Each structure stands twice: as C-alpha cells, then as structure tokens.
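Counting from 7, one number per residue, gives the positions in the sequence shown under the numbering used here.
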Amino acid sequence: MRITVFGAAGTAGSRIVTEALSRGHEVTAVVRDAARFTELHPDATHRTGDAGRPDHVAELAAGQDAVVNATRPAPGRESDHAAITAAMLTGLARTPGVRLLVIGGAGSLTVPGTEGTLAIDDPRYVPPAWRHIAEASNAQYDALRTATTDVDWTYLSPSALLEPGTRTGTFRLGGDELLVDAEGGSSLSMEDLAVALLDEAENPKHPRSRFTAGY
C-alpha cells in the first residue's frame, strides 16, 4: 500500500511509520517543518505539509491508498483537533478512493458497567489534567461522524492510558466501549496501537465507524 502519515514525527505517528514500513508499505512521512526531517524514519519519503490545509492534504493524498492523521494539537490549541479533521475531510474529498485513518482519543468511549458514562466523565480514566485534550478528541470524533462527505474514514480510539512500550501484537478490539482488564485498568502501548491501525488499513473492518484496542 501507499500510505501518507501526517504527524509522522510524533510519538504515535513515528511508530505508525515504522510499523507500516516493516510490512513493506510505501510511506510518505509528513511534518510541518523540514527541520524535523532528521527525526523521521530514513526509509520513508519525507515531505512537508499542514494537515489543517485542504490543499496540502489533497496534494499529499494523491495516488495514495490511505492517509493517517496522527497529529496532536499543541497545548493551548486543542480546538485545532476538530478543525484539522474537517480540513482533512475537505482535502480528501478531492482525492476519491483514499481512506482516512484517524488516531483519536478514549474520552468518547463508554465505561463498562456504568450505564453509558463516557470515559471523559470518569476520573479513573480521564483525570482532570487530561480533560482538555479529551474534550478536543471528542470534538474530533464528532467532526467525523457528523460529516456529510463521502470520504471513507475510520477512527481508532486507544485505551485510556496510551504510552510508548512494547510491540506485543496481542490485544483486544472493541467498538464504542472502553476496554478494561480484570483490575479495571485500560492501557495500550503506542507500538500496539500502530499494529491495530495497520491491521485495519490492510483489512478494513470499520468503514465510516470507530473501533478501539486495548489489553
């Protein structure tokens, strides 16, 4: 496959690039500043572009099979999350047939056993210090699910705790409910997040919908 990754120098984006390359895909790694090219995987094609500009998105999506949005807004600019998603949908509407895969947040997942409480409203999973980015991620998801575009998108909500770790390749998949372990914890490594995303890219099972992954 030919895959473009926006936010390719980030903690999640860099792992997605590495996972995609390890599977033999052709990857275009996109950052906003060429000074960050040194942070990118040497086997990827390095390009500059702004995910918030539809013209950049359309140009970098041309001829590709899928585009990944792994961007994360800078502190204080959380509202950019939904705006970037809207811009990507607008850009991809100009390149029919290119799928959009979005790395999102866990805040919009429901907590099991709570009769529908969202993770964002349960401090066990979204502490007050994380609420601002969780709210932005929820708005990001809303921008996708309410869009009237024909773009084929998939939104991947990770578990509540997403950190760099180990690629195990062993995890569970779910839909709209937070995945928790026997002790009530909810976690996933960024390496396994990349595995889940590339599995979906290669074998689409969630067109125009959301799924989650966790241990």
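No residue lacks a Cβ here, since even glycine has one placed at the ideal position from N, Cα and C. As the structure is a computational prediction, the values presented were derived from the model and not from experiment.
Using only CA atoms, which one of the options lies nearest to residue i?
i    : options                : result
A112 : Y147, H47 and G19      : Y147
R83  : T44, Y161, G58 and F12 : G58
A5   : L168, A142 and T54     : What is shown of the chain runs 7 to 221, which leaves residue 5 out entirely.
R29  : A207, R78 and R216     : A207
D6   : V33, E32, A41 and T101 : Nothing in the structure corresponds to residue 6, since the chain is present only between 7 and 221.
T34  : A14, G190 and A18      : A14
A135 : R8, P81 and P210       : P81
P170 : M7, T218 and R21       : R21
G19  : L204, V132 and G119    : L204
Should residue i and residue j be called a contact, given that it needs their Cβ atoms to be closer than 8 Å?
i    : j    : result
A76  : F12  : yes
T240 : A67  : The chain is shown only over 7 to 221; residue 240 falls outside these bounds and no answer can be derived.
L194 : S215 : no
V186 : S192 : yes
G220 : R151 : no
G105 : D71  : The residue asked about is misnamed: residue 105 is Arg in this sequence, not Gly. Going by C-beta atoms, R105 is nearer than 8 Å to D71.
Bridge partners for residue i per DSSP, in chain order?
i    : result
F217 : L162
E183 : T116
S193 : L167
R53  : V36
T10  : T34 and V73
V108 : N75 and Y161
Quick one: residues in its chain with C-beta nearer than 6 Å to the C-beta of residue i, no 5 flanking neighbours on either side, listed in chain order?
i    : result
V117 : T123, A125, D128 and L184
F43  : H52
D49  : L27
T155 : L95 and A99
Leaving aside the five residues before and after residue i along the sequence, list all residues of the same chain whose C-beta is less than 8 Å from its C-beta, in chain order.
i   : result
A64 : G97, L98, R100 and T101
Given residue i, which residues of its chain have a CB within under 7 Å of its CB, disregarding the five upstream and five downstream residues?
i    : result
R137 : I126
A140 : G111, G113, I126 and V132
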